[in-house]
Amino acid sequence: MSQKGKEETEANGKIFTLKRIVLGVLLLAFIFAAMAAQTYYITSRQNSNSDGKPSKVTEELMKYELEPFTVNLHDLNFRRFLRATITVEYTSKDTGKELEEKGHRIRDQIITILQSKDIASLNNSDKVATLREELTSAINSLLNNDIKGIYFQDFIIQ
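Residue numbers for the sequence shown follow the numbering used here, beginning at 3 and rising by one.
1) Is V90 buried or exposed, if buried means 16 or more other CB atoms sit within 10 Å of its CB?
2) Report the rounded CA-to-CA distance for N147 versus S46, giving the unit in angstroms.
3) Give every residue of the same chain whose Cβ lies closer than 8 Å to the Cβ of L68, excluding the five residues on either side of it in the sequence, and list them in chain order.
4) Where V24 and R134 are concerned, what is the direct C-alpha to C-alpha distance, given to the nearest angstrom?
5) I'd like to know whether the C-beta atoms of G128 and L75 end up nearer to each other than 8 Å.
6) Return the first residue and the last residue of the alpha helix (DSSP H) that E67 is part of.
7) Is it the case that the Cβ atoms of L63 and K150 are separated by a distance below 8 Å?
8) Grouping DSSP H, G and I as helix and E and B as strand, with all else coil, what is N74?
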C-alpha cells in the first residue's frame, strides 16, 4: 500500500472518530436538556395547586422530645417491657411552654396508655399507628388540640 493510501485511511479513521465524538456529545446534551425540562415541569406542578396559584407555605413545626418511657406491658403470661422515646410536633410557641408546664400530666397519661397495652396490640405497624393516634388525642385533650403529631424515636419491646 502506498504512502498516500495510508494517509487517506488515517484521515478517514480520524473523521469517523471525530463524528462519533460529536454525535455522542450531541446525544448527551439532548438527554441533559430533556432531564432539565422534566425537572422544571415536575417542580412547577408541585409548587402550584389546581388554580395555577402558588401553594401556601406550610406552617413551621416545632418539636419537643419527651424523656424515654419504660413501662411494663399488660401481658398476663410473660413479663414484658416497652421502652419508647416520643417526640411531639406542634405549631404554636405557647404549646412548647404548655408542654413543659403540663409535662407531668402528659407523662402520666402516656404511661397509663402504654401500660394498658399487651404484646398483641403492638405487634405490627398498623397497631402502632393506632397507638400513635390514641396518644395524640390523649395529649391533645390536655393541650387544647395543639399537637400535630407524635413520633417514636425508640420503640423497643422486650
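Backbone N, C-alpha and C define an ideal beta-carbon position, used for all residues, glycine too. Being a predicted model, the structure only gives us computed values, none of them experimental.
The structure says:
1) buried
2) 34 Å
3) T87, I88, T89, V90, G105, I108, R109, I112
4) 59 Å
5) In the sequence under discussion, the amino acid at residue 128 is Asp, which differs from the Gly named in the question. No, the Cβ-Cβ distance between D128 and L75 is not below 8 Å.
6) Unbroken run through E67 is the beta strand (DSSP E), 64-67; no alpha helix (DSSP H).
7) yes
8) strand
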